[in-house]
Amino acid sequence: MKAFDLHRKLERHSGLLIFGILFVSAIGGLVQVLPTVLDARLVTPAPTALPYDPVALTGRDIYIRESCGTCHSQQVRPLLAEVRRYGPFSKAEEFAFDRPFLWGSKRTGPDLHRIAGKYSDAWHRIHLLNPRAVVPDSIMPAYPWLAERPADSGKNIQAKMRALRRLGHPYTDADIEAAPGALQGLTEVDALVAYLQGLGMPGPGGAP
Numbered sequence: 173m174k175a176f177d178l179h180r181k182l183e184r185h186s187g188l189l190i191f192g193i194l195f196v197s198a199i200g201g202l203v204q205v206l207p208t209v210l211d212a213r214l215v216t217p218a219p220t221a222l223p224y225d226p227v228a229l230t231g232r233d234i235y236i237r238e239s240c241g242t243c244h245s246q247q248v249r250p251l252l253a254e255v256r257r258y259g260p261f262s263k264a265e266e267f268a269f270d271r272p273f274l275w276g277s278k279r280t281g282p283d284l285h286r287i288a289g290k291y292s293d294a295w296h297r298i299h300l301l302n303p304r305a306v307v308p309d310s311i312m313p314a315y316p317w318l319a320e321r322p323a324d325s326g327k328n329i330q331a332k333m334r335a336l337r338r339l340g341h342p343y344t345d346a347d348i349e350a351a352p353g354a355l356q357g358l359t360e361v362d363a364l365v366a367y368l369q370g371l372g373m374p375g376p377g378g379a380p
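Start counting the sequence shown at 173; every next residue gets the next number (the numbering used here).
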């Protein structure tokens with residue numbers, strides 16, 4: 173009965189109701205956020221994890237821009253069916269150099285965290301430009317413009333790397349100085365393929 177009376181008071185007092193909603197929402201938010209803030213594995217890289225090189229870093233930005241994460245996750249869960257299909261399950265320390273994380277939760281397409289090396293560069297290029305040329309049943313949209321745009325069109329790779337260095341990525345001055353040259357002559361599809369071919373391998377993303 174007391175619980176019923178308290179509930180009735182909350183419903184009749186808009187201020188208390190708003191406070192209650194905010195309080196409960198805050199608890200739910202903390203439960204989700206605190207583990208990622210306090211877990212040292214998220215900021216301590218795996219031994220094989222390296223920061224993204226300029227080409228892969230550019231490809232990752234293209235991946236985000238084109239909303240690839242809407243249909244593809246990048247986290248192999250520790251379930252037998254997933255490990256059999258995609259490979260070793262993902263570990264937190266593999267993502268120490270991922271800002272933002274691209275774990276995702278929806279899979280219209282397959283998980284990509286262990287995609288590196290499963291297909292050739294040429295296969296990836298064809299798949300990105302005309303998916304049904306290699307996967308007839310694919311519902312993935314085509315991205316022909318990626319082959320037309322230069323990878324360094326934004327000309328801001330050095331600014332990105334300097335910003336990431338402030339966050340702890342071990343880029344040297346020499347790395348940043350050489351970045352524009354690494355992108356010279358490449359298209360966006362080249363950069364995106366380089367990013368995909370590094371997922372789950374020693375280096376960007378780190379393999380177990």
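Yeah, the Cβ is synthetic: ideal placement off N, Cα and C, and Gly gets one too.
Quantities reported herein were computed from a predicted structural model and do not represent experimental measurements.
Endpoints, the alpha helix (DSSP H) within which residue i is located
{"i": "I287", "result": "Counting along the chain, I287 falls outside any alpha helix (DSSP H), and DSSP gives it neither H nor E."}
{"i": "M312", "result": "Per DSSP, M312 belongs to no alpha helix (DSSP H) and is neither H nor E."}
{"i": "L274", "result": "Unbroken run through L274: none, as it is neither H nor E."}
{"i": "F191", "result": "186-210"}
{"i": "H299", "result": "293-301"}
{"i": "V255", "result": "252-258"}
{"i": "K332", "result": "329-338"}
{"i": "Y235", "result": "226-237"}
Bridge-paired residues (DSSP) for residue i
{"i": "P322", "result": "T359"}
{"i": "A264", "result": "None; A264 has no bridge partner."}
With 16 other Cβ atoms within 10 Å as the buried cut-off, status of residue i
{"i": "I329", "result": "buried"}
{"i": "K332", "result": "buried"}
{"i": "R304", "result": "exposed"}
{"i": "R249", "result": "exposed"}
{"i": "P223", "result": "buried"}
{"i": "R257", "result": "exposed"}
{"i": "G187", "result": "exposed"}
{"i": "G370", "result": "buried"}
{"i": "F273", "result": "exposed"}
{"i": "L189", "result": "exposed"}
{"i": "L178", "result": "exposed"}
{"i": "E266", "result": "buried"}
{"i": "Q246", "result": "buried"}
{"i": "S262", "result": "buried"}
{"i": "G372", "result": "buried"}
{"i": "D233", "result": "buried"}
{"i": "W283", "result": "As written in the sequence, residue 283 is Asp, which differs from the Trp given in the question. Buried is the call here."}
{"i": "D293", "result": "exposed"}
{"i": "H185", "result": "exposed"}
{"i": "A198", "result": "exposed"}
CB of residue i within 8 Å of CB of residue j, strictly
{"i": "L364", "j": "Y235", "result": "yes"}
{"i": "Y367", "j": "G231", "result": "yes"}
{"i": "E349", "j": "R321", "result": "no"}
{"i": "T208", "j": "A268", "result": "no"}
{"i": "D309", "j": "A264", "result": "no"}
{"i": "L301", "j": "A323", "result": "no"}
{"i": "A346", "j": "D225", "result": "no"}
{"i": "G192", "j": "L206", "result": "no"}
{"i": "C243", "j": "T220", "result": "no"}
{"i": "E238", "j": "Y315", "result": "yes"}
{"i": "R297", "j": "G259", "result": "no"}
{"i": "V306", "j": "W317", "result": "no"}
{"i": "R271", "j": "L194", "result": "no"}
{"i": "G276", "j": "G241", "result": "yes"}
Proximity test, Cβ basis, 8 Å: residue i and chain D
{"i": "W317", "result": "Here chain D cannot be found, since the structure has a single protein chain."}
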